[in-house]
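Participant:
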Amino acid sequence: MKTIVIGSLNTDLVATGIKQFPKPGEHVYGKELLIGPGGKSRNIADMLAHLAPKDSVAMVGRTVKDPYGLWRQPMDALAKVGVNTDYVNVLEYEAVNKLPGIALIPVDQQGNNQIFVLPGVSDDFSSKDIDAADELFKKVAENDGTLVLTLECPLETATYAVQQANKHRLKVMFDPGGIEADADLNELISAGIYLIKPNEHEAKMLTGVEVIDFDTAKQAAEKLQEQGVANVLITAGVNGAYLFSDETQAHIPIPEVSAGNEKDETGCGDQSMAALCAFIQQGKTLQEATELAIFAGTLQFHRAGIKPVEREDLRL
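Taking the working numbering, the leading residue of the sequence shown gets 2, the next gets one more, and so forth.
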């Protein structure tokens with residue numbers, strides 16, 4: 002086992018082909034409803050399993066056996082690709098009277114999306130769940146492994162997970178997707194982060210710097226590095242990404258790809274994080290892994306819903 006992914010296991014309800022996002026009180030039509038497994042962390046774990054060696058990815062989280070069967074979508078999808086779910090706490094609905102995490106995702110005809118998350122039982126994910134996975138942390142530590150973390154769990158739980166990962170000397174890769182405007186992440190960020198991957202919006206929320214080009218990305222990255230983050234990757238949609246480390250300062254443009262007419266940004270950031278983690282684990286340099294990560298995220302943009310990228314898609 003090489004990688005632990007911590008966070009939520011959601012079911013996504015994706016409405017595609019919407020002409021424009023509705024204003025308050027407005028009625029608009031879409032093209033199709035897609036129902037599938039989701040959650041940023043679950044997506045990353047699934048996508049990692051498509052790019053990493055067999056039986057090297059484990060998921061830690063919690064879900065609940067709801068009466069609608071929504072919980073089965075993410076759990077079955079993880080099992081299908083070989084992600085270890087032994088440390089996912091599966092609760093009985095009668096015991097908690099809460100639903101699993103659900104995301105409502107309208108996608109317009111240009112591929113832009115909005116995401117409305119109802120965390121459900123994920124709101125109760127706690128340090129006790131992390132402690133229950135201590136044996137897993139030890140196993141991954143034996144392989145110089147990695148912890149991948151998103152903010153789809155309570156902030157204090159995320160901070161505790163980082164502290165435990167550092168105790169076991171795991172690399173921590175942090176995607177701050179899901180950050181709320183009033184969240185104070187100083188303790189988490191200073192707890193020991195190997196790499197943080199915000200997009201431009203999240204970078205501004207974390208640093209106060211509006212990222213519009215390489216120079217402003219560098220300013221934002223320096224603020225994060227001053228807090229102790231070793232490496233910073235700021236993704237910028239069609240403008241690619243900006244990578245900052247002790248060895249590298251680079252703008253990485255998106256590659257040209259042969260793809261269909263689909264445009265859907267759902268899961269693009271998750272796909273990039275999964276590829277980044279997979280290829281760092283496989284010995285690529287940080288810049289090489291980042292280039293492959295941006296390639297993978299670009300391919301995901303041209304797929305409706307979540308369809309993980311395979312190694313052959315990346316010409317590997």
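Idealized CB from N, CA, C, for every residue including glycine.
A quick note: this is a predicted structure, and the numbers were derived from the prediction, not measured.
Just verifying my parser: in three-state terms, what is the DSSP assignment at N113?
Facilitator: coil
Participant: Identify the continuous beta strand (DSSP E) that holds V61 and give its terminal residues.
Facilitator: 58-66
Participant: What's the call for E223, buried or exposed, on a 16-neighbour Cβ count within 10 Å?
Facilitator: The Cβ neighbour count for E223, taken over all protein chains shown within 10 Å, is under 16; the residue is labelled exposed.
Participant: When the Cα atoms are used, what is the spatial distance from E263 to V230?
Facilitator: 36 Å
Participant: Contact between the segment 150-158 and the segment 239-254: three or more CB pairs below 8 Å?
Facilitator: no
Participant: In angstroms, rounded to a whole number, what distance separates the CA positions of T291 and V91?
Facilitator: If you take the alpha carbons of T291 and V91, they lie about 34 Å apart.
Participant: Give the single residue among D47, M76, S57 whose Cα lies nearest to the Cα of T64.
Facilitator: Comparing C-alpha distances from T64 to each of D47, M76, S57 shows the shortest one belongs to M76.
Participant: Taking contact to mean at least 3 C-beta pairs separated by less than 8 Å, is the segment 44-53 in contact with the segment 272-280?
Facilitator: yes
Participant: Identify the continuous alpha helix (DSSP H) that holds N232 and give its terminal residues.
Facilitator: Taken as a continuous stretch (DSSP letters only), N232 belongs to no alpha helix (DSSP H), being part of the beta strand (DSSP E) at 232-236.
Participant: For H252, list the residues DSSP reports as bridge partners.
Facilitator: DSSP output for H252 lists Y243 as bridge partner(s).
Participant: Could you check how far apart the C-beta atoms of I5 and L137 are, in whole angstroms? I think they sit under 8 Å.
Facilitator: 6 Å
Participant: Leaving aside the five residues before and after V322 along the sequence, list all residues of the same chain whose C-beta is less than 6 Å from its C-beta, in chain order.
Facilitator: Absent from the structure is residue 322, since the part of the chain shown begins at 2 and ends at 317.
Participant: Classify P309 as buried or exposed, calling it buried when 16 or more other Cβ atoms lie within 10 Å of its own Cβ.
Facilitator: buried
Participant: Between T147 and G39, what straight-line distance do the alpha-carbon atoms span, to the nearest angstrom?
Facilitator: About 21 Å.
Participant: Can you name the start and end residues of the alpha helix (DSSP H) that Y94 belongs to?
Facilitator: Here the alpha helix (DSSP H) through Y94 covers 94-97.
Participant: Give the C-beta separation of V103 and N114 to the nearest angstrom, bearing in mind that I take them to be a contact with Cβ-Cβ under 8 Å.
Facilitator: The residue asked about is misnamed: residue 103 is Ile in this sequence, not Val. No, I103 and N114 are not in contact; Cβ-Cβ is about 15 Å, not under 8 Å.
Participant: Out of G37, K20, F22, K32, state which residue places its alpha-carbon closest to the alpha-carbon of L318.
Facilitator: The displayed coordinates of the chain run from 2 to 317. Any statement about residue 318 would go beyond what the structure contains.
Participant: Opposite V15 in the DSSP bridges: which residues?
Facilitator: L35, I106
Participant: Within 10 angstroms of its Cβ, does L287 collect 16 or more other Cβ (buried), or is it exposed?
Facilitator: L287 comes out buried.
Participant: The beta strand (DSSP E) that contains M174, what's its start and end?
Facilitator: 172-176
Participant: Pick out whichever of Q220, L34, Q283, L119 has its Cα sitting closest to the Cα of R312.
Facilitator: Answer by Cα proximity: Q283.
Participant: Any chance the segment 189-197 sits against the segment 160-173, with 3 or more Cβ pairs inside 8 Å?
Facilitator: yes
Participant: Determine which residues share a DSSP beta bridge with L196 and list them.
Facilitator: Checking the DSSP bridge columns, you'll see L196 partnered with M174, N232.
Participant: State the Cα-Cα distance for the pair K66 and H252, rounded to the nearest angstrom.
Facilitator: 45 Å
Participant: Hey, how far is the Cα of D247 from the Cα of Q226?
Facilitator: 10 Å
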